[in-house]
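Trainee: Please find one structure pasted underneath; my questions will follow.
Number of protein chains: 4
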Amino acid sequence: MGVMRMGYVHAKVTDLAEADQHYSQVMGLYETAREDGTIYYKGWDEFDHHSVVIEEGGVGVVKVGFKVRTLEDLAQYETRLQQFGATVERMSAGENLKVGDGIRFIAPNGHVFELYHEMEQVGVEVGTHCPDSFPMDLRGIGAPNLDHGLFVGDDVEGVEKLFIEALDFYPSERMLATGDDGAPLIATWLSCGNKSHDIAFLKGPDGKLHHFAFYLKDWNHVTAAADILVHHDTPMDLPPTRHGITRGETTYFFDPSGNRNETFAGGYLMYPDRPCVEWTMDQLGKGLDYYRREVTPTFLTVYS
Amino acid sequence: MGVMRMGYVHAKVTDLAEADQHYSQVMGLYETAREDGTIYYKGWDEFDHHSVVIEEGGVGVVKVGFKVRTLEDLAQYETRLQQFGATVERMSAGENLKVGDGIRFIAPNGHVFELYHEMEQVGVEVGTHCPDSFPMDLRGIGAPNLDHGLFVGDDVEGVEKLFIEALDFYPSERMLATGDDGAPLIATWLSCGNKSHDIAFLKGPDGKLHHFAFYLKDWNHVTAAADILVHHDTPMDLPPTRHGITRGETTYFFDPSGNRNETFAGGYLMYPDRPCVEWTMDQLGKGLDYYRREVTPTFLTVYS
Amino acid sequence: MGVMRMGYVHAKVTDLAEADQHYSQVMGLYETAREDGTIYYKGWDEFDHHSVVIEEGGVGVVKVGFKVRTLEDLAQYETRLQQFGATVERMSAGENLKVGDGIRFIAPNGHVFELYHEMEQVGVEVGTHCPDSFPMDLRGIGAPNLDHGLFVGDDVEGVEKLFIEALDFYPSERMLATGDDGAPLIATWLSCGNKSHDIAFLKGPDGKLHHFAFYLKDWNHVTAAADILVHHDTPMDLPPTRHGITRGETTYFFDPSGNRNETFAGGYLMYPDRPCVEWTMDQLGKGLDYYRREVTPTFLTVYS
Amino acid sequence: MGVMRMGYVHAKVTDLAEADQHYSQVMGLYETAREDGTIYYKGWDEFDHHSVVIEEGGVGVVKVGFKVRTLEDLAQYETRLQQFGATVERMSAGENLKVGDGIRFIAPNGHVFELYHEMEQVGVEVGTHCPDSFPMDLRGIGAPNLDHGLFVGDDVEGVEKLFIEALDFYPSERMLATGDDGAPLIATWLSCGNKSHDIAFLKGPDGKLHHFAFYLKDWNHVTAAADILVHHDTPMDLPPTRHGITRGETTYFFDPSGNRNETFAGGYLMYPDRPCVEWTMDQLGKGLDYYRREVTPTFLTVYS
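Set out below in structure tokens:
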């Protein structure tokens, strides 16, 4: 039980300046470092150095980092991943800016994941002494935290098995093709804590990004964020609604390079003993867009 | 890292019928069992048999149960509690209705806690197959979950130490008497997962209950719940506001016997590596009632 | 300035029992009278006997009543309507259940409107002495008030002119086909008070109903109402969003006969001196669905 | 029926710079003019030149302007005010910056009111052509509109009578000392349109200001505004709650000179035929603070 959270997403963008405008002015992330062709950001309620990294040259996701609770967890997960059959390599402190030693593996769906225990903390604007509840004068949406990601690849069963067996995640919701026995698994939502999901996987071409999501406080913040997206002419993919799956309140939209983002609030309290919810593809409309009950055509076709 | 959540609060009430009216009609809990002088309830989004038990004969809290992830956790915590110096006893399946084997100890602040791994699941009304997001026709407030409790006792340092060292909790916020070195600890808020707190302790007479809280979805549900409390003439202690401490959106009120309840929403995402927030008593007003910045006189004087 | 509000909508339904289920259990209106083939309803915050009348036998709107402030207003508007060139007839007390004397005219878009000054008051559940802010235990959506209607007909210029010149309404927003001089008027939104609109007209086949709307308190009530619609499998036409036109927060849906209803909140404070907002058809997407910026196909094609 | 709204409040402040900081940075009003010792502001959704005027030199209210619909209304109200027995004087265009001809009278409670028909329009940032629903980057609370005022004076019956008989207002709610026949009128809330009130009067020392209020969109904006007040250490008088009277969602606070302001949302749809709600002083707690049901001590004692 050592994985705490998805600590960072490292994505590719076609134009760094445009992407910076989006992540800093629209999403309202704080820039914490900038190197040749790469920018690092954090949300206002994150203490660690960064949670989003963008790198010029293409689209999609380069890799995703999960922070573990102890150094021992790194060794433990290395062993278990190897036992699972994954190819694991050690990564050294400094390979990722401000990030300590860790391990790296490629999941069965083609995605690169890293586990690490240390990242330099830079703190938060409100501090930790009798703090205000949030900073004034946030820019744009003012996203407080990175929340989760949905990653595309062919072997959903395989990657789900890996995250459950080698990394202690537990599934909160699963989508099967049909209600028949042995129907293929189309998607799975997995938690490593009390959020309704920390990561999710969808069947499709290997190594693709469906979206990564920012946590917002509640439904009113989700709709207020949508106003800001509209103001900036951000291409909206799924306007504010609630997912039937996870009950999350949501908006999908695209960064200027075509990477899908989400603002996400709500969901239920997840625990390892909470029974997994099962969906079938004929109910995907309800699962995706609880009010409209239709599947946005892009949902199953547009990835980066 | 085996404690999942505060699974139940077992409280005493002076009049069972009046209390039942409150917990079933105002709070909207589901009655799941009734024995001589005792009633068991669950919230609509809880799968386990019960989360609140009321027993006729007095006021205050009888005991509090925490559910652990595995059977092995029980043995492990038994050992660690003994090493810590606590008196621990085994409890057998059936000592608590529908609850399996477990252990019981008395904390340094005089409270009785139980750890258990199994409780019969009764499920939820919406089911787990392509479910609706919530049941229609909830009664009253329709609280989905028990959330946390604040327990009073003299030895706050001791009980905090026990929960951290023997049970793997981590402090999210702490209130010291002053900013001076060695100032006494007045209160502490502890998490065992991603909620801003799962339990909290306050300095005062041993074995007393400050409040137990029900989780609500967001601020709008907190204020809608307050309308229902007003309609039922439920004595309100702290009308809808936000805590500076934990950022939680809150209302305090009393059940007919004088046990304080809370409806609670919000708070931030807690992790073991999130720095602990520190408060001093001169800022208790801001910590308790972020807008009014005054301490409700009852906060430090009325317990059950 | 004598027209106070749209006091009633009288609509046709194909099946009275199904429609009753919708208006009483889903919309949560109070039935106040029932005659052979006709049911009368009011919202919980309306004092007058009824605001919605449904009559078995078809679909669409039979007529719409506007309540005026004084008896003298009736005579004044009769004269002005005649001067405008409309055919006006007197209607007698009792022609409409519980409604006093009035006048009736057919508007240039083929709709029948009635003006009246008196309707029997039946009061509200919370009373008028130190009242609670709303009744507990409302059914379904619990709509407090009828709000406005959008009516279809070919001569939008004509009906707008009539409502402005003969009835003292003022336009809050207008939609032109293009930005060119002399472009045809496609739709107009008119106010007789401080709401952003009390009635609206859309170009299309004469005498058709686009929708009538119920007032809700705010955005959270609009989305909570959508959950109730989903629960009842009410066909949804435009899921919860904001209109760019009037800024109103909205959901469109259909009663079982295919009459479109709306739940509506928000909008700005309207006054006779507030400049009229102008739209062109190329921006209808933004005007209708501020977030999605697309025109629901049914919007310009499905009427009853 | 010619009075449209409370168009401006002209108040005194002890320190112009401090007051400017409050009204421009905290309330987020737009400065539209500045003369020696006087500043003019408007809200972002107001088209007229100003709605708030502050003038250095003391505290309290200098005068209040109501905008009427037509020039004829000015003459009509002049006559009716004289018939009522009020002393009325003509005021000339330019006596108030950007304001046309009008009339001025002193009400029985010692307050100076002005009626006018013309004020230069300066428009709004979003414009009137396919507008966005609101401007981005509002400062602080970003209040859209002035809403209403509550004015103190001894002769509440007299000023109520004047506003009803000479100015066509109608009472929405009234507070009597007791439920006995002939009990004195303590306060009255009056509407000239569809808002639950446009002006209110409270018994007390003549010519005093209780508060003037800014309209906000809904409860979430009221609580978000309170966060901004807290951030600026604005003295809060009544933290976010709902009034039982008018059902309005509210926060009371003080500008740096001690003039009480309010942020206000909600309330019901008012019409001339809506029965007046009656309160008695023993229920003032419920009427003022629906959740807490206590009278803030300052409510009946602190005026400016």
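Residue numbers (the working numbering), protein chains in the order written: chain A, 581 to 884; chain B, 581 to 884; chain C, 581 to 884; chain D, 581 to 884. The beta carbon of each residue, even a glycine, is placed where N, CA and C say it ideally should be.
Quick one, which residues of the segment 708–730 of chain D are near chain A if we go by CB-CB under 8 angstroms, in chain order?
Mentor: Those would be Asp-712, Ser-713, Phe-714 and Met-716, in chain order.
Trainee: Kindly say whether Asp-807(B), judged by its beta-carbon, lies nearer than 8 angstroms to any beta-carbon of chain C.
Mentor: Residue 807(B) sits at position 227 when you count from the first residue of the second sequence. So, interface residue.
Trainee: Using a C-beta to C-beta distance shorter than 8 angstroms, which residues of chain C count as neighbours of Thr-821(A)?
Mentor: If you number the first sequence from 1, residue 821(A) lands on position 241. Chain C residues near Thr-821(A): Pro-819 and Pro-820.
Trainee: What is the rounded straight-line gap between the Cα of Lys-866(C) and the Cα of Glu-658(A)?
Mentor: To locate residue 866(C), count along the third sequence from 1; it is residue 286. To locate residue 658(A), count along the first sequence from 1; it is residue 78. Approximately 52 angstroms, taken between the alpha carbons.
Trainee: Give the DSSP bridge partners of Ile-779(B), in chain order.
Mentor: On the second sequence, residue 779(B) is found 199 positions in, with the first residue counted as 1. Gly-729(B) and Leu-770(B).
Trainee: Measuring alpha carbon to alpha carbon, tell me which of Asp-734(D), Gly-645(D) and Gly-784(D) ends up nearest Leu-726(D).
Mentor: The residue given as residue 726(D) occupies position 146 in the fourth sequence. Considering only alpha carbons, the answer is Gly-645(D).
Trainee: Within 10 angstroms of its Cβ, does Asp-760(D) collect 16 or more other Cβ (buried), or is it exposed?
Mentor: Residue numbering aside, residue 760(D) sits at position 180 when the fourth sequence is read from its first letter. Counting Cβ neighbours within 10 Å, Asp-760(D) comes out exposed, since fewer than 16 surround it.
Trainee: Does the CB of Thr-768(D) have a neighbour CB from chain C at under 8 angstroms?
Mentor: In the fourth sequence, residue 768(D) corresponds to position 188, counting from 1. No, Thr-768(D) does not count as interfacial toward chain C.
Trainee: Do you know whose CA, among Gly-682(C), Tyr-870(C), Lys-783(C) and Asp-835(C), lies nearest Met-816(A)'s CA?
Mentor: For the purposes of this step, residue 816(A) is taken as the residue at position 236 of the first sequence. Looking at the Cα atoms, Tyr-870(C) is the closest of the given residues.
Trainee: Helix, strand or coil: which one does DSSP assign to Gly-703(D)?
Mentor: Mapped onto the fourth sequence, residue 703(D) falls at position 123. The answer is coil: DSSP assigns Gly-703(D) none of H, G, I, E or B.
Trainee: Among Ile-766(A), Ala-793(A) and Lys-788(A), which residue has its Cα nearest to the Cα of Asp-862(A)?
Mentor: Here residue 862(A) refers to the residue found at position 282 of the first sequence. For the residues Ile-766(A), Ala-793(A) and Lys-788(A), the minimum Cα distance to Asp-862(A) belongs to Ile-766(A).
Trainee: Are any of the Cβ atoms in chain C nearer than 8 angstroms to that of Arg-670(D)?
Mentor: Here residue 670(D) is taken as the residue at index 90 of the fourth sequence, counted from 1. Chain C, which has no Cβ nearer than 8 angstroms to the Cβ of Arg-670(D), makes this no.
Trainee: Below 9 angstroms on C-beta distance, what does Thr-826(D) contact in chain B?
Mentor: Along the fourth sequence, one-based indexing puts residue 826(D) at 246. In chain order: nothing, as chain B lies at least about 16 angstroms away.
Trainee: Are any of the Cβ atoms in chain C nearer than 8 angstroms to that of Trp-624(D)?
Mentor: Position 44 of the fourth sequence, counting from 1, holds the residue named residue 624(D). Trp-624(D) does not count as touching chain C.
Trainee: How would you write the range of the beta strand (DSSP E) that Gly-682(B) sits in, first residue to last?
Mentor: The residue labelled residue 682(B) in the question sits at position 102 within the second sequence. Where Gly-682(B) is concerned, the enclosing beta strand (DSSP E) stretches over 682–686.
Trainee: Report the rounded CA-to-CA distance for Glu-842(D) versus Tyr-832(D), giving the unit in angstroms.
Mentor: The count along the fourth sequence starts at 1 and reaches residue 842(D) at position 262. The count along the fourth sequence starts at 1 and reaches residue 832(D) at position 252. Straight-line Cα distance between these residues: approximately 5 angstroms.
Trainee: Counting only the same chain and skipping the five closest in sequence on each side, list residues whose C-beta sits under 8 angstroms from that of Val-648(D).
Mentor: Here residue 648(D) refers to the residue found at position 68 when the fourth sequence is read from its first residue. Excluding positions up to five away in sequence, the list reads Gly-582, Val-583, Met-584, Leu-654, Tyr-657, Leu-695, Tyr-696 and His-697.
Trainee: Would His-709(C) be called buried (16 or more neighbouring beta carbons within 10 Å of its own) or exposed?
Mentor: If you number the third sequence from 1, residue 709(C) lands on position 129. Exposed: under 16 other Cβ atoms inside 10 Å.
Trainee: Strictly under 8 angstroms for the Cβ-Cβ distance: is Tyr-657(C) near chain D by that measure?
Mentor: For the purposes of this step, residue 657(C) is identified with residue 77 of the third sequence, where counting begins at 1. Judged by the 8 angstroms Cβ criterion, Tyr-657(C) is not in contact with chain D.
Trainee: Using 10 angstroms around the beta-carbon of Pro-688(B), count the other beta-carbons present and answer buried if the total reaches 16, otherwise exposed.
Mentor: Here residue 688(B) refers to the residue found at position 108 of the second sequence. Classification of Pro-688(B): buried, given that the 10 Å Cβ count is 16 or more.
Trainee: Which value, in whole angstroms, describes the spacing of the CA atoms of Phe-794(D) and Pro-819(A)?
Mentor: Counted from its first residue, the fourth sequence places residue 794(D) at position 214. Counted from its first residue, the first sequence places residue 819(A) at position 239. Distance between the alpha carbons of Phe-794(D) and Pro-819(A): 31 angstroms.
Trainee: Identify which residue in Ala-613(D), Gly-623(D), Ser-604(D) and Glu-615(D) has its Cα closest to the Cα of Gly-587(D).
Mentor: The residue given as residue 587(D) occupies position 7 in the fourth sequence. Among Ala-613(D), Gly-623(D), Ser-604(D) and Glu-615(D), the Cα nearest to that of Gly-587(D) belongs to Gly-623(D).
Trainee: Under a CB-based cut-off of 8 angstroms, is Lys-866(B) close to chain A?
Mentor: Residue mapping note: residue 866(B) aligns to position 286 of the second sequence, counting from 1. Chain A contact via Cβ: present.
Trainee: In this structure, does DSSP put Arg-754(C) in helix, strand or coil?
Mentor: Against the third sequence, residue 754(C) aligns to sequence position 174. Arg-754(C) falls in the strand class under three-state DSSP.
Trainee: Contact defined as beta carbons within less than 8 angstroms: I believe Tyr-848(B) pairs with Arg-827(B). What is the distance between those atoms, to the nearest angstrom?
Mentor: Sequence index remark: in the second sequence, residue 848(B) carries index 268 (1-based). Sequence index remark: in the second sequence, residue 827(B) carries index 247 (1-based). Right, the Cβ-Cβ distance comes to about 6 angstroms (below 8 angstroms), so this counts as a contact.
Trainee: Buried or exposed for Thr-878(A), please, with buried defined as at least 16 other CB atoms from any protein chain shown within 10 angstroms of its CB.
Mentor: Position 298 of the first sequence, counted from the start, is the residue given in the question as residue 878(A). Per the 10 Å Cβ criterion, exposed.
Trainee: Three-state secondary structure (DSSP) at Ile-721(B)?
Mentor: Locating residue 721(B) in the second sequence gives position 141, counting from the first residue. The answer is coil: DSSP assigns Ile-721(B) none of H, G, I, E or B.
Trainee: Any idea what DSSP makes of Asn-800(B), helix, strand or coil?
Mentor: Here residue 800(B) refers to the residue found at position 220 of the second sequence. The answer is helix: DSSP assigns Asn-800(B) an H, G or I state.
Trainee: Between His-602(A) and chain D, is there a C-beta pair that is closer than 8 angstroms?
Mentor: The residue you call residue 602(A) lines up with position 22 of the first sequence. No, because no Cβ of chain D sits closer than 8 angstroms to the Cβ of His-602(A).
Trainee: Which residues in chain C sit within 7 angstroms of Val-857(D), going by Cβ to Cβ distance?
Mentor: Reading the fourth sequence from its first residue, position 277 is the one you call residue 857(D). Within 7 angstroms Cβ-Cβ: Thr-708 and Pro-711.
Trainee: Report yes or no: do the segment 740–747 of chain D and the segment 784–791 of chain D share at least 3 C-beta pairs separated by less than 8 angstroms?
Mentor: At 8 angstroms Cβ cutoff, the stretches do not touch.
Trainee: So, at 6 angstroms on beta carbons, what are the nonlocal neighbours of Phe-731(A) in its own chain, with the 5 sequence-adjacent residues on each side left out?
Mentor: For the purposes of this step, residue 731(A) is identified with residue 151 of the first sequence, where counting begins at 1. Correct list, in chain order: His-691 and Phe-781.
Trainee: Between His-801(B) and Asp-712(C), how many whole angstroms is the CB-CB distance? I'm expecting something under 8 angstroms.
Mentor: Along the second sequence, one-based indexing puts residue 801(B) at 221. Along the third sequence, one-based indexing puts residue 712(C) at 132. That pair is no contact at about 19 angstroms.
Trainee: Could you work out which residues of chain B lie near Lys-811(C), taking near to mean beta carbons separated by less than 7 angstroms?
Mentor: Locating residue 811(C) in the third sequence gives position 231, where the first residue counts as 1. Just to set this straight, residue 811(C) is His in the shown sequence, not Lys. Under the 7 angstroms cutoff, chain B gives Asp-712 and Met-716.
Trainee: Is it right to say Ser-837(C) is buried, meaning 16 or more other beta carbons lie within 10 angstroms of its own, or is it exposed?
Mentor: Taking the first residue of the third sequence as position 1, residue 837(C) is located at position 257. Buried.
Trainee: Pick out the complete alpha helix (DSSP H) segments inside the segment 798–862 of chain A, 4 residues or longer, and give them in chain order.
Mentor: 799–811, all fully within the segment 798–862 of chain A.
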